[in-house]
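Position in the sequence shown counted from 1, then plus 1, gives you our numbering.
The block underneath contains the structure these notes are about, expressed in structure tokens.
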Amino acid sequence: MGGQIRELRKIKKLTLIQLAQAAGISVGYLSQIERNQSKLPIGVLKKLSDALGVHMNWFFNGNLQATADERDIIVRKAHRRRLTFTGLGIAEELLSPNLAGPLELLLSTIEPGADSGEYSHDGNEAGILIAGRLDLWVDGKRFELEEGDSFSFSSTSQHRCANPGTVPAKVVWVITPPHY
2 MGGQIRELRK IKKLTLIQLA QAAGISVGYL SQIERNQSKL PIGVLKKLSD ALGVHMNWFF
62 NGNLQATADE RDIIVRKAHR RRLTFTGLGI AEELLSPNLA GPLELLLSTI EPGADSGEYS
122 HDGNEAGILI AGRLDLWVDG KRFELEEGDS FSFSSTSQHR CANPGTVPAK VVWVITPPHY
């Protein structure tokens with residue numbers, strides 16, 4: 002599990018010091034956890050999960066049950082890592098088998114009325130709306146998407162999405178570089 006914590010910390014571009022401070026633990030202890038040289042009580046895992054912005058089940062629902070041949074190639078539906086953004090009404094499933102690769106593939110479920118809030122980051126995003134309706138803003142311009150519509154933009158642009166519909170919206174995203 003230590004390796005998963007390190008991998009997620011690096012993807013989120015956090016230093017050992019930043020994550021340790023956010024979780025309220027010492028840098029040395031975090032370093033030992035990441036190298037699997039120290040026990041990891043559930044309470045500490047909860048603090049680390051919160052600081053990393055994922056639910057604790059992120060560390061248990063990985064692609065670990067995949068065969069050696071599949072591990073870096075295939076993600077079976079039952080083994081997807083799931084992230085829920087509490088209070089936002091957005092849940093994401095990681096479809097990429099390996100976060101160390103050049104891109105990530107996500108399935109987002111956005112509940113009616115949910116809004117991601119505006120943000121930007123390095124890289125590019127593309128996607129396709131596979132169910133429901135979605136409003137997408139890029140650099141202040143609003144685009145109304147319907148099932149089957151696709152999009153692509155530079156993630157350095159301020160962007161956000163919201164579900165104006167009455168049913169959950171489902172979006173498949175491709176993001177590069179990975180940010181989870």
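Where is the CB? At the ideal position from N, CA and C, for every residue including glycine.
Taking the Cα positions, Ala21 is about 9 angstroms away from Gly29. Rounded to the nearest whole angstrom, the C-alpha separation of Lys171 and Glu147 is 11 angstroms. With respect to Ala92, Arg82 sits apart: the two C-beta atoms are not nearer than 9 angstroms.
The closest CA to that of Leu130, considering only Gly4, Leu107, Ser158, is found on Leu107. Straight-line spacing of the CA atoms in Leu95 and Glu105 works out to 8 angstroms. Relative to Ala132, the option among Ser151, Lys47, Ser117 whose CA is nearest is Ser151. Note that the segment 114–125 touches the segment 162–169; at least 3 beta-carbon pairs, one per stretch, sit closer than 8 angstroms.
By the neighbour-count criterion, in which 16 or more other beta carbons inside 10 Å mark a residue as buried, Ser153 falls on the exposed side.
Contact check for His160 against Leu137 passes: the beta carbons are separated by less than 9 angstroms.
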